[in-house]
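K.L.:
Heads up, the sequence shown is in the working numbering, so the first residue is 238 and it goes up one at a time.
Think of the CB as a built atom: it goes at the ideal place given N, C-alpha and C, for glycine as much as any other residue.
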Amino acid sequence: MSWWKKMPFVFLIVFLPGIFLAGAADFADIRAKAAKVTPRSEEDYRLGTELMNRLKKQAAGKKLAAGRRFFYTEPVMFRSGRLYYTYKKWFDHNLFVCRDLWEDTREEFQDASILKSIELIRQAGFDGFSPILGKRAAPLVCRRAALKENRKDKSEVVPVFWLSLTGLTPSILKQIKGCAEGPTWYFNGKPVAFSYNADAFDPKKTAAFLQEIREKTGVDLAFVHAVGSMPGTNGDPYHDYIHKRAVPATVMLKYYDKLTEFLKVCDGIQFRNRLPDRDSQLFTEFYDNVTLPLYAAVCAQPEFNGKKILGLSVQAGYAYFHGSQTLDRRGTKTLRNYLELCSKYPVDFIHGIEWDETNEDTCLEPTVCKPMANSRITRYYRDRLNGVTPKPFEGDDLTLPNLIVSQPRQYILGTDFEVELLNVPDTDNSCPYTVKAELTDHRGKVFFSSEELKFDAAKLQDHTLVLPAEKLAAVRSVSPRLTIQFKGNKRIVSEGMPSSVIRATVSRDYSWLCTPLRNLMFPSGAAVKFSSRESSAGYEKVALAADLDFPGHQLNMVEVLQNSMEIFSYDPQNEFLQNDPARQLYRLSGLFMNSLSSVITECRIELKGVRDGCYFEPVKSRYSSYILNPTQKYRQISWKKPLGKKKMQLTRHQSETLFSIPKNEIESAVLVISGTRLNGPDQGKTFSWELPLRELGNHGVKVKTFEDGIHFGVEAYYKPLLLPLPLNSEKAAFKTVLTSDLPEGVLMLRAVSKDGRVWWSKPFLPVKDSGKNCRITVYSPKRGSFPVDVDQIRVPAVDYKFDPAFGQDALITDAGREFYATLGGLTTIAVGFEAASHSQAAASWPANLAMNLKKPSRPRPDWEKLPEGFWALRFNGKNGQFISIPPTAVPQRTGFTLTMDVKPEDIKRDQLYFSQGGNKYLAGFQLRTQNGRFVIDFKNRRPHDPASRYSMLDIHRSKLSPKERVWNHIELSYDGTGFTLTVNGKSEFFPQTGFSLWLSHCCFGGTDPNQKKKTTFFQGLLRSLKIAHHPPVR
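1. Enumerated in chain order, which unbroken segments of the alpha helix (DSSP H) with a length of 4 residues or greater are wholly contained in the region 544-580?
2. Kindly indicate the opening and closing residues of the beta strand (DSSP E) around Arg987.
3. Please determine if the region 485-505 and the region 611-624 are in contact, where contact requires at least 3 C-beta pairs separated by less than 8 Å.
4. Quick one: any contact between the region 984-998 and the region 840-850, if contact means 3 or more CB pairs under 8 Å?
5. Please classify Tyr532 as buried or exposed, where buried requires at least 16 other C-beta atoms within 10 Å of its C-beta.
6. Taking 8 Å as the threshold (C-beta atoms), are Asp849 and Glu902 in contact?
7. Distance, Cα to Cα, Leu1259 vs Met1137?
8. Any chance you could list the alpha helix (DSSP H) runs of at least 4 consecutive residues sitting entirely within the region 1067-1129, in chain order?
9. How would you write the range of the alpha helix (DSSP H) that Met314 sits in, first residue to last?
10. What does a CB cutoff of less than 6 Å around Tyr1057 pick up in its chain, not counting 5 residues either side in sequence?
11. Assign Leu792 to one of three DSSP states: helix, strand, or coil.
12. How is the beta strand (DSSP E) around Arg914 delimited, first residue to last?
13. Report the option in Val974, Ser716, Lys628, Val656 whose CA atom is closest to the CA atom of Lys682.
14. Quick check on Ser1295: does DSSP put it in helix, strand or coil?
15. Find out if the Cβ-Cβ distance for the pair Phe1254, Gly1117 is shorter than 8 Å.
16. Measuring only the C-alpha atoms, how far is Ser736 from Ser714?
17. Do you know how far the Cα of Ile1030 is from the Cα of Ser1007?
18. Taking just the CA atoms, how far does Leu930 sit from Val394?
19. In terms of residue numbering, what span does the beta strand (DSSP E) encompassing Asn353 cover?
20. Excluding the 5 residues preceding and the 5 following Phe541 in the sequence, name in chain order all residues of the same chain whose CB lies nearer than 6 Å to its CB.
21. With a Cβ-Cβ cutoff of 8 Å, do Tyr1158 and Trp1082 count as a contact?
22. Smallest Cα separation from Asp390: which of Leu1209, Trp422, Pro376?
23. Could you name the residues of the same chain whose beta carbon sits closer than 6 Å to that of Leu400, not counting the 5 residues immediately before and after it, in chain order?
24. What residue range is occupied by the uninterrupted beta strand (DSSP E) comprising Ile903?
25. Around the C-beta of Ser354, are 16 or more other C-beta atoms found within 10 angstroms, so that it is buried, or is it exposed?
26. Quick check: the Cα distance between Leu958 and Arg566, rounded to an integer number of angstroms?
27. Look at the alpha carbon of Ala906 and the alpha carbon of Phe1043, and state the distance between them as a whole number of angstroms.
28. Buried or exposed for Glu594, going by 16 or more other Cβ atoms inside 10 Å?
29. Return the Cβ separation of Phe767 and Leu984 in integer angstroms, given the expectation that the two are a contact with Cβ distance under 8 Å.
30. Who pairs with Tyr648 in a beta bridge, going by DSSP?
31. Considering Cα atoms alone, identify which of Cys668, Ser667, Asp653, Ser643 is closest to Leu659.
32. So for Met489, helix, strand or coil by DSSP?
33. Name the DSSP bridge partner or partners of Tyr311?
34. Cα-Cα, which of Asp473, Ile1173, Glu356, Leu798 is closest to Glu1208?
35. Quickly, what does DSSP pair His700 with across the bridge? List them, please.
36. What first and last residue would you give for the beta strand (DSSP E) that runs through Ala534?
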């Protein structure tokens, strides 16, 4: 070991700053005092406060280095380059997505799509795109399109280095050279390059990397080092500040010196992280008091001031369905708070993260649920920061104010309900106006009225209506109704606005509806009538008749949504014969989940007992079988011979085929899937599955999981696979019958035009209130947990049916398809929704860890018929078997009761029973045994407690034990004040407050992530599993 590594920590604090030339003499008095304090002592925090005050003064002297503020945004080329891709994998999509934005070329990323995306980013005030360097050469693709742009000032393309992944391959070097030729941003004569995941590189490694680029390309980059959480600084000050509202000087001095080091070898630094508070709101206070003063002060040092650029990553929000919801949009407040910080501090460039990342709802692009809302805000700030007079968007209806109305798309009781009304200036001439806002419920009745709200069209102003949870306890949807007095005219805007869905206990969608009034379209006629037809367990048939006319607006799509999911798309071309009442449409899907990333099979699929069956296949590009031609309808192919693929690859990217048969042939129809594995530990082994299609009925789904993790699913398909071809008409008139698969669902019709206007119908409830109330426990960050009474139809009781006759290897429940579980596989086929471009994360961490890389895992538990006539699932305790349960089965912020009947066969070995396991780490509670007794782990947040940290792990150790080789009835409940564990009639209570870290996937089985050296697979039988979204009634 080197001599200096043996020296005490205090010695390092004294001498490390002296290594750095810049900063060595700065704050000498504080450095001297810091050398004598115990790190993170009260004196250290007091010194930190003094240091931050000095840094703020230094930061105020920073000069803009580039003459003006620059705006860039990072695209996911999978979206921006493929606006023709319209598959229904997300809750939202680009406002202008359309199957005709395609050209038959060799390119997957099409110029037609990219040029439309460039048009949109320029309209939003951005100077250009900043795509990530990689295998698909996204920067060169963007550059190719930018050079075709019909403007003199071409959109700039600034490449982003993903430093932990970007090797200097010939392709990467070519991309660097191409970007350097422009159009791009040149700083001090050098082409600018941004970075991502740059914490993997220290200053020395960064300098060597840039030198290698210069030697291999001749390009001298103006490289901006992006910092997330700075390694080597004894901890990120964020966690100190969220807990103590202060930062330690010992850490901040190291941070300051490390940033100084980076500026010596780079042309700029950028803060690239998102930092929320305990309740997932942007932690604006920390950015204002710590982050930006620190970064600006570093750039304001004499040798750097005006010579180095400072950037800030800006996000509108972050909500990932499969595992984390880390940053609430709060309407438009999160985005605006970021941009106000950029106004307050001399930030040289604003980096919008990300333009089009639909998986995580970070989108800045215009979407159907946020049509041009972000664009209006970012362009206003770009103009304001650069002294440009604001102006309206081309095509705006100037008889309406530039007002954006924002509301939660799905709201769960507990937190306050907010509706934000924001005026975005489009003029510098004062123009006062007023708005009276009313909120109507699902019956169309007004239950809230605001006072007359005053605005000025020349000022950025917002009024936010705030309602406590109790006000919405009996409300199932909220629709705004606005009475506007503007430019001497009175206008009422009501129908056409979207509605918020009010859910009692859990939400799948944490996004917001942000609707500019100028992006609404107003029909000359719009008759929409929903009416309930019939009910069956968890499903409702609903008749719909619609007659729409939108003069001046060519329609792209007309759809019906259930909460946030499209369940119908109007398709007059009947692409999949879905409009034919004499036929039934099915979807066949395939996935693979195991330690291998994929399995290759030789597969054969037969449809027996059917004379007039057909399947649908997309038209391929003439240049590549990989690229599909979306401008053409799927081909309808008669299914007479077996479908065969010599090398069919199954991965966590869901494959799917639609097929149709006459309804009068369903009784005799049998789907047969057979094949042989061509790789992996089971190479050469065969698989087969026969499914009589009559078992699916009108809306059923069945999943078959094979022992190695191959799983197929077949469903009677009642949703759209993708958007139909554009309607290209001002009118739409049709009748249809819809399938609603969630008792708490709310239906709405939505029309979207090709010029970016939207219109929503009034909401409809397929399942009405029962008139009987149920008491639930909800959570408020201000008040903690408290009880609310709601109609019992709104409180899911997820009681899984333990009988393979229902879903085979899908566990179904009458609570709704949203809650269906899967044996040993990913949840997406069972629930009928991916919520991402792939199913990679559609299983919890304990389930993923159960995949043993050293030997074949056998993830599926086996069905076993009990002597009593009941079915149970057998877990062998060896192969990591599990049940994968979707995120909303266990509510994040409300009370619940989990009950199960288990027969463990080995109680001496530690075992995991149930886990809210998250995507990469524990995201909530888990129930396990240790030394024969139950333990409850709870990863939680407690915003109501000002002394709490961002998140905590609380461990409750019980004295209760399961009994071996007999049936045990186990109940675990949580009511916001504590956990109650009951085992075979004996109970223990553990005080606890807060809520789960994230809404995330759960599992029964798998292995405890915290046990690094041993597996904790459950061994025994499980015959019942139920999750009620309320504490038990005692």
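P.N.:
Once the coordinates are examined:
1. none
2. Arg987: member of the beta strand (DSSP E) spanning 984-990, first to last residue.
3. no
4. The answer is no - the region 840-850 does not touch the region 984-998, with fewer than three Cβ pairs under 8 Å.
5. The residue is buried, with at least 16 neighbouring Cβ atoms inside 10 Å.
6. yes
7. Roughly 7 Å separates the two Cα atoms.
8. Within the region 1067-1129, the complete alpha helix (DSSP H) runs of at least 4 residues are 1082-1086.
9. 314-317 is the span of the alpha helix (DSSP H), which, as asked, contains Met314.
10. Ala1047, Ile1049, Ala1067, Val1068
11. strand
12. 907-914
13. Ser716
14. Residue coverage of the chain in this structure runs from 238 to 1271, which leaves residue 1295 outside it and unanswerable.
15. yes
16. 6 Å
17. 6 Å
18. Approximately 52 Å, taken between the alpha carbons.
19. Correcting the residue type first, residue 353 is Lys in the shown sequence and not Asn. Not the beta strand (DSSP E): Lys353 falls in the alpha helix (DSSP H), residues 348-360.
20. Leu500
21. yes
22. Trp422
23. Ser432, Asn434, Ala435, Ala437, Phe438
24. Neither: Ile903 is in no beta strand (DSSP E) and is coded neither H nor E.
25. Note on Ser354: 16 or more other CB atoms within 10 angstroms of its CB, so buried under the neighbour-count rule.
26. 29 Å
27. 18 Å
28. buried
29. With a contact defined as Cβ atoms closer than 8 Å, Phe767 and Leu984 qualify at about 6 Å.
30. Ile739
31. When each option's Cα is compared against that of Leu659, the closest is Ser643.
32. helix
33. The displayed chain sequence assigns Glu, not Tyr, to residue 311. Glu311 pairs with Ile590.
34. Ile1173
35. Leu658
36. It is not in any beta strand (DSSP E) - Ala534 instead sits in the alpha helix (DSSP H) that spans 529-536.
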